[in-house]
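Written out below as structure tokens is the structure these notes cover.
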Amino acid sequence: MKQVFINIKELIQVRPKGIQKLSGSEMKELPTIKNAYLLIENGLIAAFGSMEEIPKISVDETIDATGKMILPTWCDSHTHIVYAGNREGEFVDRINGLSYEEIANRGGGILNSAKKLQGTTSDDLYSQSEARLKEVIRQGTGAVEIKSGYGLTKDAELKMLKVIQKLKQNYSIPIRATFLGAHAIPAEFKGNKKGYLKMLVEEVLPEIANQDLADYIDIFCESGYFSVEDTDYILTAGKQYGLVPKIHVNQFNAIGGVQIGVQHNALSVDHLEVVRETDIEALIGTRTMPVALPSCSYFLSIPYTPARDIIDAGLPLALATDYNPGSTPSGNMNFVIATACIKMKMTPEEAINAGTINGAYAMDLSDEVGSITKGKKANLILTKPINSYHFLPYAFGSNMIDKVYVNGKEF
Ligand code: NIG
Ligand code: FE
2 MKQVFINIKE LIQVRPKGIQ KLSGSEMKEL PTIKNAYLLI ENGLIAAFGS
52 MEEIPKISVD ETIDATGKMI LPTWCDSHTH IVYAGNREGE FVDRINGLSY
102 EEIANRGGGI LNSAKKLQGT TSDDLYSQSE ARLKEVIRQG TGAVEIKSGY
152 GLTKDAELKM LKVIQKLKQN YSIPIRATFL GAHAIPAEFK GNKKGYLKML
202 VEEVLPEIAN QDLADYIDIF CESGYFSVED TDYILTAGKQ YGLVPKIHVN
252 QFNAIGGVQI GVQHNALSVD HLEVVRETDI EALIGTRTMP VALPSCSYFL
302 SIPYTPARDI IDAGLPLALA TDYNPGSTPS GNMNFVIATA CIKMKMTPEE
352 AINAGTINGA YAMDLSDEVG SITKGKKANL ILTKPINSYH FLPYAFGSNM
402 IDKVYVNGKE F
């Protein structure tokens, strides 16, 4: 099967093979080809270039993209899209003056979602989650990470991970699974956090490894949730089963999550709304990708990750949604890119790099997705007619996507 897109107004994020991530000033550049063609063979990017150099070959399908642009699909490296029910009641409580913390302390928040999920069948959980996965693919996401963490019992955590596994089997975008058993302390273990963590390590982790249910391990390293010491314990245990750390740090307080993440060679440290100079210093020269979640800052009205400080220090930065029922009920990467430009003063070039190749890196997927590169998956966004790609974050409330392609197939 061969398809060719012709007359592409601008082909965006064109990269040679081998680029894993972009750091510091490299993020300012977004290589493109104007008036381009793009050839797809069996779902992979086979060739591209200027229309003047288009080879004479016979193809099965020709798509005229006059006036439109093509970019790689978004790589959303941090989501919780497997969950049951919603929490719009808490949303209204917050409007009426309660804080996220106060709601959590009353048994709302993560524990509220866990109760709902425990009482939901696997089939129901699958169909609720599948609807969200389809929604985000239509919004341009072509690779995604999904976490557990709304189960908080052995059975419910495994139920979540099996739903993620089934999504992996039934959908052809790359999906990565993360075990986030240490997301909150369940009511049954109130006052016995160590007992809960021990249960996760001794009973749940071996089963996850047995059934190959997770790629990564996560923990909510935050005051009132899990300490640096707890983080060290859970990451050490995860490593024994081959799970790589990708962790929640510095959302409300900087308590040393970045440092322990780096010490464990984490693939990413995510959230980072509260960042100290020492946190930036700790990340320099490491392989750990900082990940910002601007929709979460928007929805909770908390600070935005200081992207300028991070990038200007020469570090890379990835952008992701954090799609979840409590702090970010949106999986729209287009909004994330726009918000990063509007609120975090990232340039459109930096934001697009952060939402594509750097997001791919934060899921170990840089060789498969995240740029227009020969041999990568033809997971593509075809825009509506636009004047420049700056229009994408500028028109923050408009859907500028015409079509999304997964492995060369229209989704
Ligand atoms: O990433 N911060 C921890 N976990 C989620 C929110 C959890 C919830 O409120 O349901 C997050 O924002
Ligand atoms: Fe999260």
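Residue numbers for the sequence shown follow the working numbering, beginning at 2 and rising by one. Ideal placement from N, C-alpha and C gives every residue a C-beta, glycine not left out.
If you draw a straight line from the Cα of Glu223 to the Cα of Leu268, it is about 19 Å long.
Counting along the chain, the unbroken beta strand (DSSP E) around Thr384 starts and ends at Leu381 to Thr384. Pro291 has its Cβ no nearer than 7 Å to any heavy atom of the ligand NIG.
Within 7 Å of the C-beta of Asp323 there is at least one heavy atom belonging to the ligand FE. Listed in chain order, the non-local C-beta contacts of Met70 below 7 Å within the same chain comprise Ile9, Lys10, Glu11, Ile13, Thr384, Ile387 and Tyr390, local neighbours out to five positions each way being set aside. The closest heavy atom of the ligand NIG lies less than 7 Å from the beta carbon of Thr329. Of all alpha-carbon atoms in Asn36, Ala363, Glu136 and Asn400, the one lying nearest the alpha-carbon of Thr67 is that of Asn36. When rounded, the separation of the alpha-carbon atoms in Tyr101 and Ser296 is 15 Å.
Annotation for Phe336: the continuous alpha helix (DSSP H) segment containing it runs Met334 to Met345. Lys240 is bridged by DSSP to nothing; it lacks a bridge partner. Burial of Gly356 is indicated by the presence of at least 16 other C-beta atoms within 10 angstroms of its C-beta. Using a 10 angstroms sphere on the CB of Ser26, the tally of other CB atoms stays under 16, which defines it as exposed. Here the alpha carbons of Pro187 and Trp75 stand approximately 34 Å from one another.
For Met52, there is no enclosing beta strand (DSSP E), as DSSP marks it with neither H nor E.
In the structure shown, the three-state DSSP call for Val202 is helix. Every beta strand (DSSP E) of 3 residues or more that sits fully in the stretch 14 to 62 is shown, in chain order, as 33 to 42 and 45 to 51.
Sixteen is the threshold: since fewer than 16 other Cβ atoms of the shown chains lie within 10 Å of the Cβ of Gly120, the residue is exposed.
Gly182 has its alpha-carbon roughly 35 Å from the corresponding atom of Asp313. By the CB criterion at 8 Å, Val276 and Asn251 fall inside the cutoff.
A residue is called buried once 16 or more other Cβ atoms fall within 10 Å of its Cβ, and Pro326 is buried on that count. Minimum Cα-Cα distance from Tyr299 among the listed residues Gln4, Ile343 and Ile256 corresponds to Ile343.
In the three-state reduction of the DSSP assignment, Ser399 falls in the coil class. Burial state of Asp125 is exposed, judged by a 10 Å Cβ sphere holding fewer than 16 other Cβ atoms. Cβ atoms of Pro317 and Lys22 come within 8 Å of each other, at about 5 Å. Taking 8 Å as the upper bound for CB-CB distance, Ser123 and Lys163 are in contact here, some 7 Å apart.
Contact check for Leu198 against Asp219 fails: the beta carbons are separated by 8 Å or more.
In this structure, the ligand NIG has no non-hydrogen atom nearer than 7 Å to the beta-carbon of Cys222. Distance from the C-beta of His265 to the nearest heavy atom of the ligand NIG is not below 7 Å.
Take the alpha-carbon of Leu40 and the one of Asp65: they are about 12 Å apart. Relative to the ligand NIG, the nearest heavy atom lies less than 7 Å away from the CB of Gly110. Closest in alpha carbon position to Lys377, among Asp61, Val60 and Leu72, is Leu72. Contact between Asn354 and Met28 holds, since their C-beta atoms are separated by about 5 Å, short of 8 Å. With a cut-off of 7 Å, the C-beta of Ser100 is classified as distant from the ligand NIG, since no heavy atom of the ligand falls inside that distance. For Ala308 against Met290, the beta-carbon gap comes to about 13 Å, at or over 8 Å, which does not count as contact.
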